[in-house]
Amino acid sequence: MKGILGTKLKKAREDLGLTQGAFGRAVGLSSEYISLLESGKRRPSLETLTNLCDYLKKDISYFFREKEEVFDILLRSERLDKKSIKEIRKFQKYCKEYLYVEELAERPLESAPLYKNISAERMADEERRRLGLGNEPIRNIFSLIELNGCRVIRQPVPEEFKISGVFIFFEVKEASFVLINCTLPYGEQVFVAAHEYCHFLKDRNSGPIIDNPDMFIDEYVSLYHPREKFAHTFAAMFLMPPSKVKEIIEKDIKSPRLRFEDVIYLKRYFGVSTYHMLQTIQSLGCLSRSKLVEYQKLDSDKYEDSFFGDIADQGRLQKGKKRVMLSDRYKSLALKAYQKKKIGLDELSKLLNQKKVTFNQ
Numbered sequence: 125m126k127g128i129l130g131t132k133l134k135k136a137r138e139d140l141g142l143t144q145g146a147f148g149r150a151v152g153l154s155s156e157y158i159s160l161l162e163s164g165k166r167r168p169s170l171e172t173l174t175n176l177c178d179y180l181k182k183d184i185s186y187f188f189r190e191k192e193e194v195f196d197i198l199l200r201s202e203r204l205d206k207k208s209i210k211e212i213r214k215f216q217k218y219c220k221e222y223l224y225v226e227e228l229a230e231r232p233l234e235s236a237p238l239y240k241n242i243s244a245e246r247m248a249d250e251e252r253r254r255l256g257l258g259n260e261p262i263r264n265i266f267s268l269i270e271l272n273g274c275r276v277i278r279q280p281v282p283e284e285f286k287i288s289g290v291f292i293f294f295e296v297k298e299a300s301f302v303l304i305n306c307t308l309p310y311g312e313q314v315f316v317a318a319h320e321y322c323h324f325l326k327d328r329n330s331g332p333i334i335d336n337p338d339m340f341i342d343e344y345v346s347l348y349h350p351r352e353k354f355a356h357t358f359a360a361m362f363l364m365p366p367s368k369v370k371e372i373i374e375k376d377i378k379s380p381r382l383r384f385e386d387v388i389y390l391k392r393y394f395g396v397s398t399y400h401m402l403q404t405i406q407s408l409g410c411l412s413r414s415k416l417v418e419y420q421k422l423d424s425d426k427y428e429d430s431f432f433g434d435i436a437d438q439g440r441l442q443k444g445k446k447r448v449m450l451s452d453r454y455k456s457l458a459l460k461a462y463q464k465k466k467i468g469l470d471e472l473s474k475l476l477n478q479k480k481v482t483f484n485q
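For the sequence shown, this note's numbering assigns the number 125 to the initial residue and increments by one for each residue that follows.
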């Protein structure tokens, strides 16, 4: 009960925009005692709990009633058929195993701050500043968001299931997870990761979210919940800072008319898809609408291979493969649990989806 009460008390306080000190003063308690309540280290008396409920305008049952399991909510989605439910169940299994090895390795994650009452553009700028990224490209978005509290699994989901990404948040454990469909081209996976990271930074208390491919297309995103347009804008700004895009165009490309090879050059520099690079360039007034339409019809992979000798698509899973791409942190946690003798070699191999893990002597 203490864990549930503490989590719900913290959420109710933060929803009011109060610090522990301000909240304590309002209800006649010390900030230290509020901290102990929120961390589950103290259980309030009935009188104290009643005072808290009166101030927060909550019924006492609010602090005792466990929220419905997040995956039960997710799996009720009308968009999921029996086969896609099977894919979500795989995601659920991974989340459970991740939290298991995290606990064994004694390496919990600290979550990034929760943003409120802010524009998508400003949030992208502030989060970049908080992370010390400047305006340079993000070289490994998957590791970056994971180290900031948003655990990642890149799982192959068949195209017909219309799932690009999934975000969930376990309120009691204060643990967030994202699923990224790794059958997508690498640049699209990067954009999905940034999009889901926005849900983590802003929407983590709004319930589980399933994002389909249409939510990553400018023409369709406005048809969905406003949070999707917000996340779409955040992802573009977070991955492709406008100041840096303009700087490269003005100081390096040095041409008011961008050729398609220039677009590919920029796309590779920022590690995104050609589609999202084109949309960003056009929104900055560096590409006409007619050129945008013309370039969108071109075979990006063919041009990239022709211009640069390879395709920067190393993160895409080959067709026909069904291998889950486990994160480096998850693997590190599992290995740490083995080194601490919390699990044996057979269990380590199972957690890593390998027949038999071997170590070089």
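By construction, the Cβ of each residue, glycine as well, lies at the ideal position given by its N, Cα and C atoms.
Just so we're clear, the structure is a prediction, and the values are computed from it rather than from any experiment.
What's the gap between the Cα of residue i and the Cα of residue j?
i: Leu363; j: Tyr389; result: 15 Å
i: Tyr427; j: Tyr239; result: 40 Å
i: Gly444; j: Pro309; result: Caution applies to Gly444, whose pLDDT of 43 falls short of 50 and renders its modelled position unreliable; the model cannot decide the point.
i: Ser288; j: Ile334; result: 8 Å
i: Ser267; j: His356; result: 20 Å
i: Leu228; j: Gln478; result: 20 Å
i: Gly468; j: Tyr462; result: 6 Å
i: Gly258; j: Ile184; result: 46 Å
i: Gln144; j: Asp178; result: 17 Å
i: Arg440; j: Arg447; result: Low confidence applies to Arg440: its pLDDT is 48, below 50, so where it sits in the model is not reliable, and the reading given next is rough at best. So the alpha carbons of these two residues sit roughly 11 Å apart.
i: Phe187; j: Asn241; result: 26 Å
i: Gly311; j: Glu230; result: 33 Å
i: Ser346; j: Ser330; result: 19 Å
i: Ala299; j: Gln406; result: 37 Å
i: Thr404; j: Tyr344; result: 16 Å
i: Gly409; j: Leu422; result: 21 Å
i: Arg383; j: Ser424; result: 13 Å
i: Lys370; j: Leu411; result: 12 Å
Taking all protein chains shown into account, do 16 or more other C-beta atoms lie within 10 angstroms of the C-beta of residue i, making it buried, or fewer, making it exposed?
i: Gly130; result: buried
i: Ala236; result: buried
i: Asn305; result: buried
i: Gln485; result: Reliability fails at Gln485, whose pLDDT of 43 lies under 50, so the model's placement of it is uncertain and the value that follows must be treated cautiously. Burial call: exposed.
i: Val290; result: buried
i: Leu475; result: buried
i: Asn272; result: buried
i: His400; result: buried
i: Asp386; result: buried
i: Leu170; result: exposed
i: Phe358; result: buried
i: Ile158; result: buried
i: Lys326; result: buried
i: Leu140; result: exposed
i: Arg328; result: buried
i: Ser208; result: buried
Would you mind working out which of the options sits nearest residue i, comparing C-alpha positions?
i: Val314; options: Phe340, Gly331, Leu325 and Arg328; result: Phe340
i: Lys206; options: Glu284, Thr357, Phe266 and Leu170; result: Glu284
i: Lys210; options: Ala461, Val396 and Pro280; result: Pro280
i: Leu459; options: Val448, Arg447, Thr482 and Tyr427; result: Thr482
i: Pro337; options: Tyr348, Tyr157 and Lys466; result: Tyr348
i: Gln420; options: Lys455, Asp249, Ser243 and Thr398; result: Thr398
i: Ala136; options: Arg263, Met247 and Glu295; result: Glu295
i: Lys466; options: Pro380, Ser412, Val225 and Ile405; result: Val225
i: Lys217; options: Ser155, Phe301, Ala146 and Asp249; result: Phe301
i: Lys244; options: Ser163, Leu160 and Lys353; result: Reading the sequence as shown, one finds Ala at residue 244 and not Lys. The shortest Cα separation from Ala244 among Ser163, Leu160 and Lys353 belongs to Lys353.
So residue i and residue j are in contact, right, with Cβ under 8 Å, and what is the actual spacing, rounded?
i: Leu223; j: Lys297; result: 7 Å
i: Ile265; j: Leu303; result: At roughly 15 Å, the Cβ-Cβ gap does not stay under 8 Å, so Ile265 and Leu303 are not in contact.
i: Pro365; j: Arg252; result: 7 Å
i: Leu198; j: Ile292; result: 6 Å
i: Pro282; j: Gly395; result: No, Pro282 and Gly395 are not in contact; Cβ-Cβ is about 25 Å, not under 8 Å.
i: Phe324; j: Cys274; result: 4 Å
i: Leu176; j: Leu142; result: With a Cβ gap of about 12 Å, Leu176 and Leu142 do not count as contacting.
Is residue i close to chain B, meaning its C-beta is less than 9 Å from at least one C-beta of that chain?
i: Ala318; result: Protein chains in the displayed structure number just one, and chain B is not present.
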